[in-house]
Structures are given as structure tokens and as C-alpha cells.
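*Asks:* I have a structure I would like to understand better, so I am pasting it below and will then ask my questions one at a time.
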């Protein structure tokens, strides 16, 4: 069963998307976030999590923060040291 669009597809908590409350996407918190690439997401999300991202519901700020933290750790592990 699909979750309502106001719930994060990853954690099922409210995603605070402006669109679900009738506002414009330009007013949404997610529109003010740096872009995460699909390549980056595939490095930190499981196949099940990626499948949940069906384009019908935004992830929440908490999940985005977790993803960014995991990407930062991965980047730090592979950073070339001179």
C-alpha cells in the first residue's frame, strides 16, 4: 500500500512538503536544498529505499540530513591526501 504524499517514503514521517498543503513548490523547504544526484543516492540508499522514491512524495529534512551525512563520510574516506 502506498503512503500518502505528505509522508516521507523512507521513514514514513511527515515530510513538510509545501505542495501537499497547497502551496507552490518554490515555497517548499526542499527547493532550497543543494541538489543531490541519483548517483549519490544510490551510494547510500538500499534498493528498497530507492524503490520507495517513486516521485510522488518528498523525503523529509531528517532523511535528507542523514543522506548528506553518509555522503560526506564516504567522500572523506576516499579523499586524496597530498
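Residue numbers (my numbering): 1 to 82.
No residue lacks a Cβ here, since even glycine has one placed at the ideal position from N, Cα and C.
Quantities reported herein were computed from a predicted structural model and do not represent experimental measurements.
#1: Under 8 Å between the Cβ atoms of residue 18 and residue 24?
#2: Output the distance between the C-alpha atoms of residue 59 and residue 65, rounded to the nearest integer angstrom.
#3: Figure out for me which residue from 41, 70 and 61 has the closest Cα to the Cα of residue 32.
#4: Under 6 Å Cβ to Cβ from residue 57, same chain only, skipping five residues before and after it: list those, please.
#5: Rounded to whole angstroms, what's the CA-CA distance from residue 22 to residue 71? Just pull it up for me.
#6: Kindly list the residues whose CB is nearer than 7 Å to the CB of residue 20, restricted to its own chain and excluding five residues on each side of it in sequence; keep chain order.
#7: Note down the Cα distance separating residue 41 from residue 50, rounded to an integer number of angstroms.
#8: Quick test of your reading: residue 30 and residue 63, contact by CB under 8 Å. State the CB separation rounded to the nearest angstrom.
*Replies:* Reading from the atomic positions:
#1: Contact check for residue 18 against residue 24 passes: the beta carbons are separated by less than 8 Å.
#2: One alpha carbon belongs to residue 59, the other to residue 65, and they sit about 10 Å apart.
#3: Proximity to residue 32 across 41, 70 and 61 peaks at 61, based on C-alpha coordinates.
#4: Here the set comprises 5 and 9.
#5: In a straight line, the C-alpha of residue 22 is about 32 Å away from that of residue 71.
#6: So the qualifying residues of the chain are 5 and 6.
#7: Going by the C-alpha atoms only, they are around 8 Å apart.
#8: About 11 Å separates the beta carbons of residue 30 and residue 63, which is beyond the 8 Å limit, so they are not a contact pair.
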